[in-house]
Amino acid sequence: MKVLLVSQRVVVDPRHGERRDALDQRWSEFLAAAGFVGVALPNNPRNAAAIVETLAPAGVLLTGGGDLGQTPERDAAEEIAVAWALAQRRPVYGVCRGFQFLLQRAGARLERVAGHVAVRHALSDGTSVNSFHDWGTTQPPKGWTAIARASDGTLEAARANDAALAGQMWHPERELPFAARDIQTIAAFFGGEP
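Heads up, the working numbering is the position in the sequence shown plus 56, with the first residue counted as 1.
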């Protein structure tokens, strides 16, 4: 199985004030279904740099959780992983916040969106997906192609035209059972065998 580096959210323990890295346990099951082993990327820039260089993963998966700019250590660790992946010609896929990270990095202007938190909605292709985001855009950045939109025109999936960068707003790990379409998308993007 190929190894993917997987980013994590930052959670602050209210009782102790500790800043903890956290990853939904369903990600490991979802990635295994798509033919991969996920290794957690720590939200520590120095350690993140050492891990990408040492591990040399087949690709990078940027997961959801929190808003951009809310946790600078996560933003920095993800930037290190994405820069490494681009330099090594490895694919990067973003989910929800991870997709927003890629869009903003490519020059998209993110804006608050209404009606996209804890709901299901139809995509332009008629499929129904979960939605847990406060931020979005209606226009892909220059050099990107829209793949799916919500009925309000919000971009739900897109791909860079000249690099192995893509993403989606919905959470495939939160669909139980996992949607075959999501497994196939991730497997095809990273070259796995579900």
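Quick reminder that beta carbons are idealized off the backbone N, C-alpha and C, glycines included.
- The secondary-structure analysis by DSSP pairs glycine 115 across a beta bridge with Leu60.
- By the Cβ neighbour-count rule, arginine 130 is buried, with 16 or more other Cβ atoms within 10 Å of its own.
- Counting other Cβ atoms within 10 Å of its Cβ, glutamate 212 reaches 16 or more and is therefore classed as buried.
- For asparagine 99, the number of other beta carbons within 10 angstroms of its own is at least 16, and it is reported as buried.
- With a beta-carbon spacing of about 27 Å, alanine 170 and serine 63 fall beyond the 8 Å limit used to define contacts.
- Counted as a single uninterrupted DSSP element, the stretch harbouring phenylalanine 234 is not any beta strand (DSSP E), since DSSP gives it neither H nor E.
- Under the DSSP assignment, aspartate 131 falls in the alpha helix (DSSP H) whose first and last residues are 128-144.
- Counting along the chain, the unbroken beta strand (DSSP E) around serine 187 starts and ends at 184-188.
- Cα atoms of threonine 201 and alanine 216: separation of roughly 6 Å, rounded to the nearest angstrom.
- In the displayed model, alanine 220 falls within coil according to three-state DSSP, outside both helix and strand.
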